[in-house]
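Working notes, structure below.
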Amino acid sequence: MAATPLRPVSSDLDINAQRARVKTGIDAVATVLKGNRTAIELAFAALFARGHVLLEDVPGVGKTTLARAIARVLGCSFSRIQFTSDLLPSDVLGVQILDQQRGSFAFKRGPVFANVVLADEINRASPKTQSAMLEAMADRQVTIDDETHLLAAPFIVLATQNPTEHHGAYPLPESQLDRFMVCTGLGYPPHTDERALLMAPRAAGNAFDALNPHFDVTHVNEVCETVDNVTLSTAIADYILALVQATRAHPDIILGCSPRGALAYAAVVRAWAFIRGRDYVIPDDVKALAKAVLSHRIMVTGTRGGDATRHHALSLIDQLVSQVPVPR
């Protein structure tokens, strides 16, 4: 029996072209969402690592704009799901509808069937609807009445949630938070950027209209394959594990990072290194993403949830990064 031929590895020229395309895409999104380049790069890194992003911030800072701009630049389909307390799982996933002419049921796809999905205010939905969405994220498929439907590839969810002390907001369970590769906030823009918005109130809209696709689905999938081949040395793997295991041993952390979280950490630092122009991961990549990968995966003591918990978690991650020895 003949051996299956190996898939050819991209040449250096191909990889440089991919990296240039990614930089152009990030630069384009940055023209729309000014002052938040790190969050933009983090979202692209999660995308190319085949992960999902949780944006935890107050309303009006640009979370929807970020998702729409990424979808436009990627040349991919986009949908937005506004989560509310009365939203049903079928409103997200889809439903079987009776075709009276044919006398059979046909599946009507829900908004989750897109390349880039904005799950807006996901913590306002009922636990049942949250669970349906997050299971689709994990499995990348939807099962309705014993019939399985594959989701698009690439597939990235950018979910937003308001602080849980806001009225009508319910925290996501730890097992569901773990499905998100990274968690970050956008924050308020720098003074100069916000002043520019005030002085030219239509600039953001015009900038969005001027966005052009720099990718297509094939380009995105090719970059994902290249990112898979970014070198992660044994020393870097041990460094990631040391940070992960430190979250499990700290006295102020009652639930540490899971093995799934460690896998996500290894995947996204590869993408981060690629965006930074390297085909190998260095300790600075691991340190740079520690908060985004670990903060939502730990449960801390002594707080009541909401912003206090978030700030405490971020502080503890800073502490662990400063204590865990860095490989030389």
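For the sequence shown, counting from 1, position 45 maps to 25 in the working numbering; every step adds exactly one. Just so it is clear, CB atoms sit at the ideal spot from N, CA and C, and this is done for glycine as well. Note that the coordinates shown come from a computational prediction; the quantities given were computed from them, not determined experimentally.
Residue 275 vs residue 297 beta-carbon contact at 7 Å: Yes, the pair counts as a contact, with Cβ atoms nearer than the cut-off.
When you compare the CB positions of residue 281 and residue 234, do they come within less than 7 Å of one another, or not? Closer than 7 Å, so yes.
Tell me which residue opens and which closes the alpha helix (DSSP H) that residue 74 is part of. Note, residue 74: premise wrong, no alpha helix (DSSP H); beta strand (DSSP E) at 74 to 79.
Given 8 Å, three or more beta-carbon pairs between the region 237 to 247 and the region 23 to 42: The region 237 to 247 vs the region 23 to 42: in contact.
To the nearest whole angstrom, what separates the beta carbons of residue 22 and residue 164, a pair I think is in contact under 8 Å? Right, the Cβ-Cβ distance comes to about 6 Å (below 8 Å), so this counts as a contact.
State buried or exposed for residue 194, treating a residue as buried only when at least 16 other CB atoms are found within 10 Å of its CB. Residue 194 is buried by the Cβ-count criterion.
Report yes if the C-beta distance between residue 136 and residue 27 is below 7 Å; otherwise report no. Contact flag set, yes.
May I ask you to list the residues that DSSP assigns as paired with residue 9? BP columns for residue 9 are empty, so no partner.
Any alpha helix (DSSP H) of 4 or more consecutive residues that is wholly inside the region -9 to 63: Entirely contained in the region -9 to 63, the alpha helix (DSSP H) runs reaching 4 residues are, in chain order, -8 to 12, 17 to 28 and 43 to 54.
Can we count residue 73 as close to the ligand ATP, meaning its CB is less than 6 Å from some heavy atom? Among the components modelled here there is no ligand, and therefore nothing to report on the ligand ATP.
Can you name, in chain order, every residue of its own chain whose Cβ lies under 8 Å from the Cβ of residue 62, other than the five neighbours on each side? Around residue 62: 100 and 101.
Could you spell out the range, first to last residue, of the alpha helix (DSSP H) harbouring residue 250? Residue 250 -> alpha helix (DSSP H) spans 239 to 255.
Beta-carbon contacts of residue -13 that lie in its chain and below 7 Å, excluding the five residues immediately before and after: Low per-residue confidence applies at residue -13: pLDDT is 42, beneath 50, and the placement is therefore not dependable, though the value from the model is reported in the following sentence. Contacts found: none.
Nearest to residue 223 (by Cα), restricted to the options 19, 270 and 168: When 19, 270 and 168 are compared, the shortest CA-CA separation from residue 223 is found for 270.
Beta-carbon within less than 7 Å of residue 25's beta-carbon, same chain only, minus the 5 sequence neighbours each way: which residues are those? Same-chain partners within the cutoff: 248, 251, 252 and 255.
Where DSSP assigns a beta bridge to residue 129, which residues make up the other side? In the DSSP assignment, the residues bridged to residue 129 are 122.
Would a C-beta distance cut-off of 7 Å place residue 8 and residue 41 closer than the cut-off? Contact: no.
So, with DSSP's three-state summary, where would you put residue 270? In the displayed model, residue 270 falls within a helix according to three-state DSSP.
When DSSP labels each residue in this structure, what does residue 211 get in the three-state scheme? Residue state, collapsed to three classes: strand.
Cα separation between residue 304 and residue 117? About 32 Å.
Residue 235 lies in the beta strand (DSSP E); which residues open and close that run? 233 to 235 is the span of the beta strand (DSSP E), which, as asked, contains residue 235.
Grab me the residues of residue 173's own chain with a C-beta within less than 8 Å of its C-beta, minus the 5 sequence neighbours each way, in chain order. Excluding residues within five positions, the ones whose Cβ falls inside 8 Å are 14 and 15.
So for residue 178, helix, strand or coil by DSSP? The three-state reading of DSSP puts residue 178 in helix, counting H, G and I together.
Which same chain residues end up closer than 6 Å to residue 59 when comparing Cβ atoms and leaving out the 5 residues on each side of it in sequence? These residues qualify, in order along the chain: 91, 94 and 97.
Neighbourhood of residue 187 by C-beta, 7 Å cutoff - its chain only, sequence neighbours within 5 removed: Excluding five sequence positions before and after residue 187, the CB atoms of its chain that fall closer than 7 Å to its own CB belong to 11 and 12, given in chain order.
Identity of the residue in 200, 231, 260 and 237 nearest residue 212 by Cα: It is 260 whose Cα lies nearest to the Cα of residue 212.
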